[in-house]
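Asks: In our numbering, the protein residues as written are 36 to 420. No residue lacks a Cβ here, since even glycine has one placed at the ideal position from N, Cα and C. First the structure, which I've put down as structure tokens, then a few questions once you've had a look.
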Amino acid sequence: MLYLDACAATPPDARVLEQMLERQKRVWANPSSVHPAGIAAAELLERSRQRLLNCLGWPDGQVVFTSGGTEADNLAVLGLGRSMSPGRLLISPFEHPAVSAAASQLQLEGWQVEILPLTDHGQVDLNALEQLLEPPTQMVSIAWASSELGTLQPMHEIAERCAATGVPLHSDAVQVIGQLPLGRLAPMGPDLLSISAHKFQGPRGVGALVLKRDISLQPQLVGGGQEAGLRSGTQSPWLAAALVDALEQRESQQPQLALQLQILRDGLLNRLLCRSGISLSGSTDLDQRLPHHISLLLNNDKGEPVSGRQIVRALAERGVAISAGSACSSGQDQPSPSLLACGFSSREARSGIRISLGPWLKPQELDDLPGLLESIVSTSGAIGS
Ligand SMILES: Cc1ncc(COP(=O)(O)O)c(C=O)c1O
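Have a look at this one:
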């Protein structure tokens, strides 16, 4: 299989996996236990917490280990929202359901949820944000990059505007962390950041919500009061350590890794865009996109949009793994909210695919893809209107 779906999941790094299995054999006790085995587990967990903060350059921050990005997003949005009286929450149209569904939940609890408009390039409109950063706005949650379009958000400008008005900013950074050098990301950071290890060749089932400063959150899982009371449930020190191992591993390869992926992406993208019926969606400024990400819109030889989902299936039958829009919504043939927000018609917004690359790929493996995609797309039936 030619695996081009890194935004959905990445293969675990062999060294990270090996170290994790080794630790799993040795450090399996409950980190809340007070005997030596428990203390060893607690030490591993606390060391991992500090290493993650050091990696992010947030030494005074707080880490809440979670089961992944979804739980981190839920804790940020619901936890912040439920710690204050209802007001207005600003989100973007390209949020992962872990944020948008949490926002809908808050709406049922009296919050007003406003979806920020985008510029033509798929970035949050900063003027609109600025105008809405006044009462009753009480929090903002904007993904650092749209997982579907790959467009990076002007997080520095967003964070500056939120800080100036004292409105807490959460960012779902699940698609960004591990893909770009952390030194480029963290200093301009939001107040809360969601991370998921399986997006950067770490293990599945572990993530983190990182708080840059002291922020009041209502726990969403209650019980034994682990993770400073913010996330009950016995922690897994070896999963937490493996998350940090994977991130450090990625970071040690930066900035070359991002550059290498960018070169791979640019070569493939140029060859794809020479083919008929294939066009780029999202930002045309490639520096404003995730370095490993390509999002395309597809038209058949009659110039009509074809279903991105059908193309994904046809490629899968030929041994190529990609996705239509975000992996979590690829089971539903619905127009993409992100593409609709960028001004595409409902039919065009169902014709998107995402190709996402990783360091396991060799350039020559991608040679046949443009021709294969063109031949499938050109003869595909149009999407019904
Ligand atoms: C932007 C974004 N946020 C959150 C998630 C959910 O993360 P997890 O799968 O770790 O729950 C994903 C997963 O695809 C994602 O792409």
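If you drop the 5 nearest sequence neighbours on each side, which residues of the same chain put their C-beta closer than 8 angstroms to that of C363?
Replies: Locating residue 363 in the sequence shown gives position 328, where the first residue counts as 1. Caution is warranted here: a pLDDT of 49 is assigned to C363, below 50, making its placement in the model unreliable, and no coordinate value can be reported.
Asks: When DSSP labels each residue in this structure, what does D108 get in the three-state scheme?
Replies: Here residue 108 refers to the residue found at position 73 when the sequence shown is read from its first residue. Residue state, collapsed to three classes: helix.
Asks: Go ahead and label L143 buried or exposed: buried means 16 or more other beta carbons lie within 10 angstroms of its beta carbon, across all protein chains shown.
Replies: For the purposes of this step, residue 143 is identified with residue 108 of the sequence shown, where counting begins at 1. Exposed.
Asks: I'd like to check one pair, L392 with L217: are the Cβ atoms closer than 8 angstroms?
Replies: Here the question's residue 217 lines up with position 182 in the sequence shown. Here the question's residue 392 lines up with position 357 in the sequence shown. Going by C-beta atoms, L217 is not nearer than 8 angstroms to L392.
Asks: Taking the straight line between their C-alpha atoms, what separation do you get for I313 and T319?
Replies: Your numbering for residue 313 matches position 278 in the sequence shown. Your numbering for residue 319 matches position 284 in the sequence shown. Approximately 14 angstroms between the Cα atoms of the pair.
Asks: Examine ligand 1 and report whether any of its heavy atoms sits within less than 7 angstroms of the Cβ of A178.
Replies: Counted from its first residue, the sequence shown places residue 178 at position 143. Within the cutoff, so yes.
Asks: Taking buried to mean at least 16 other C-beta atoms within 10 Å of its own C-beta, is S181 buried or exposed?
Replies: For the purposes of this step, residue 181 is taken as residue 146 along the sequence shown, with counting starting at 1. Burial call: buried.
Asks: Go ahead and label R389 buried or exposed: buried means 16 or more other beta carbons lie within 10 angstroms of its beta carbon, across all protein chains shown.
Replies: To locate residue 389, count along the sequence shown from 1; it is residue 354. The residue in question, R389, is buried, as its Cβ has 16 or more Cβ neighbours within 10 Å.
Asks: Which value, in whole angstroms, describes the spacing of the CA atoms of A44 and M119?
Replies: As a position in the sequence shown, residue 44 is number 9, starting the count at 1. As a position in the sequence shown, residue 119 is number 84, starting the count at 1. Those two C-alpha atoms are separated by around 35 angstroms.
Asks: Is Q210 near ligand 1, going by C-beta to nearest heavy atom under 7 angstroms?
Replies: Residue numbering aside, residue 210 sits at position 175 when the sequence shown is read from its first letter. It does: the Cβ of Q210 is within 7 angstroms (strictly closer) of some heavy atom of ligand 1.
Asks: What is the C-beta distance between N262 and V412, in whole angstroms, given that I count them as a contact (C-beta under 8 angstroms)?
Replies: For this step, residue 262 is matched to residue 227 along the sequence shown. For this step, residue 412 is matched to residue 377 along the sequence shown. A small fix is needed here, since residue 262 is Glu in this sequence, not Asn. About 47 angstroms separates the two Cβ atoms, so there is no contact after all.
Asks: Whole angstroms are fine: how far does the CA of A376 sit from the CA of P254?
Replies: Taking the first residue of the sequence shown as 1, we reach residue 254 at position 219. Taking the first residue of the sequence shown as 1, we reach residue 376 at position 341. C-alpha separation (whole angstroms): 33 angstroms.
Asks: Closer than 7 angstroms to a non-hydrogen atom of ligand 1 - does that hold for the CB of H233?
Replies: Taking the sequence shown and counting its residues from 1, one reaches residue 233 at position 198. Yes, since a heavy atom of ligand 1 falls inside the 7 angstroms radius drawn around the Cβ of H233.
Asks: Counting pairs of Cβ atoms below 8 angstroms between the segment 185 to 193 and the segment 152 to 160, do you hit three or more?
Replies: Yes, since at least three Cβ pairs between the segment 185 to 193 and the segment 152 to 160 fall closer than 8 angstroms, the two stretches touch.
Asks: With hydrogens ignored, establish whether the beta-carbon of H327 is closer than 7 angstroms to any heavy atom of ligand 1.
Replies: As a working mapping, residue 327 is identified with position 292 in the sequence shown. Checking every heavy atom of ligand 1 against the Cβ of H327, none is found closer than 7 angstroms.
Asks: Go through its chain and collect everything with a Cβ distance to L39's Cβ below 7 angstroms, but skip five positions before and after it.
Replies: On the sequence shown, residue 39 is found 4 positions in, with the first residue counted as 1. V355, A356, I357, I390, S391, L392.
Asks: Can you tell me which of the three DSSP states A180 falls into?
Replies: In the sequence shown, counting from the first residue as 1, residue 180 sits at position 145. If DSSP states are grouped into helix, strand and coil, A180 belongs with the strands.
Asks: Count the other CB atoms, across all protein chains shown, that sit within 10 Å of the CB of E57; report buried if there are 16 or more and exposed otherwise.
Replies: Looking up residue 57 in the sequence shown gives position 22. Its Cβ having fewer than 16 others within 10 Å, E57 is exposed.
Asks: Per DSSP, which residues does F100 bridge with? Please list them.
Replies: Locating residue 100 in the sequence shown gives position 65, counting from the first residue. The partner list for F100 (beta bridge, DSSP) reads A243.
Asks: Between the Cα of V209 and those of D108, G122, A138, spot the shortest distance and give me the residue it belongs to.
Replies: One-based indexing of the sequence shown puts residue 209 at position 174. The residue with the shortest Cα to Cα distance from V209 is D108.
Asks: Do the segment 397 to 414 and the segment 342 to 350 make contact, defined as three or more Cβ pairs closer than 8 angstroms?
Replies: The segment 397 to 414 vs the segment 342 to 350: in contact.
Asks: Which runs of the alpha helix (DSSP H) at least 4 residues long sit entirely within the segment 192 to 252? Give them in chain order.
Replies: Those alpha helix (DSSP H) runs which fall completely within the segment 192 to 252 and span 4+ residues are 217 to 220.
Asks: Any heavy atom of ligand 1 closer than 7 angstroms to the CB of G103?
Replies: On the sequence shown, residue 103 is found 68 positions in, with the first residue counted as 1. Because some heavy atom of ligand 1 lies under 7 angstroms away, the Cβ of G103 counts as near it: yes.
Asks: Could you name the residues of the same chain whose beta carbon sits closer than 6 angstroms to that of A75, not counting the 5 residues immediately before and after it, in chain order?
Replies: To locate residue 75, count along the sequence shown from 1; it is residue 40. Once the five neighbours on either side are set aside, the close Cβ partners of A75 are V62.
Asks: Can D40 be considered in contact with ligand 1, in the sense that its beta carbon sits closer than 7 angstroms to one or more heavy atoms?
Replies: Counted from its first residue, the sequence shown places residue 40 at position 5. Because no heavy atom of ligand 1 lies under 7 angstroms away, the Cβ of D40 does not count as near it: no.
Asks: Report all residues from its chain with a CB closer than 8 angstroms to the CB of P394; omit the five preceding and five following residues, and keep chain order.
Replies: Position 359 of the sequence shown, counting from 1, holds the residue named residue 394. The answer, listed in chain order, is Q288, L292, Q295, L296.
Asks: To which residues of the same chain is A359 closer than 6 angstroms at the C-beta, ignoring the five residues directly before and after it?
Replies: As a first step, residue 359 is located in the sequence shown; it is residue number 324 there, counting from the start. So the qualifying residues of the chain are G343, R344, V347, S365, I388.
Asks: Figure out for me which residue from P326, L265, G240 has the closest Cα to the Cα of I212.
Replies: Here the question's residue 212 lines up with position 177 in the sequence shown. Per the Cα distances, P326.
Asks: Return yes when the Cβ of W93 is within less than 8 angstroms of the Cβ of P121, no when it is not.
Replies: Here the question's residue 121 lines up with position 86 in the sequence shown. Here the question's residue 93 lines up with position 58 in the sequence shown. Result no, Cβ atoms of P121 and W93 do not sit closer than 8 angstroms.
Asks: Mind pulling the alpha helix (DSSP H) runs of 4 or more residues that sit fully within the segment 329 to 372?
Replies: Qualifying alpha helix (DSSP H) stretches, in chain order: 343 to 352.
Asks: What does a CB cutoff of less than 6 angstroms around S361 pick up in its chain, not counting 5 residues either side in sequence?
Replies: By 1-based counting over the sequence shown, the position of residue 361 is 326. At S361 the pLDDT is 49, less than 50, meaning the model places this residue with poor confidence; the figure from the coordinates comes in the next sentence. For S361, where only same-chain residues beyond five positions count, the Cβ hits under 6 angstroms are S182, E183.
Asks: Could you tell me the alpha carbon to alpha carbon distance between R123 and G104, rounded to whole angstroms?
Replies: On the sequence shown, position 88 is the one that residue 123 refers to. On the sequence shown, position 69 is the one that residue 104 refers to. R123 and G104: Cα-Cα distance of roughly 23 angstroms.
Asks: What separation, rounded to the nearest whole angstrom, lies between the Cα atoms of I150 and P370?
Replies: Position 115 of the sequence shown, counted from the first residue, corresponds to residue 150. Position 335 of the sequence shown, counted from the first residue, corresponds to residue 370. Approximately 17 angstroms between the Cα atoms of the pair.
Asks: Name the DSSP bridge partner or partners of L124?
Replies: Along the sequence shown, one-based indexing puts residue 124 at 89. Its beta-bridge partners are V148, M174.
Asks: Return yes when the Cβ of L332 is within less than 8 angstroms of the Cβ of S316, no when it is not.
Replies: By 1-based counting over the sequence shown, the position of residue 316 is 281. By 1-based counting over the sequence shown, the position of residue 332 is 297. Yes.
Asks: Can you check DSSP and say which residues form a bridge with R86?
Replies: On the sequence shown, residue 86 is found 51 positions in, with the first residue counted as 1. In the DSSP output, where bridge partners are listed per residue, R86 has none listed.
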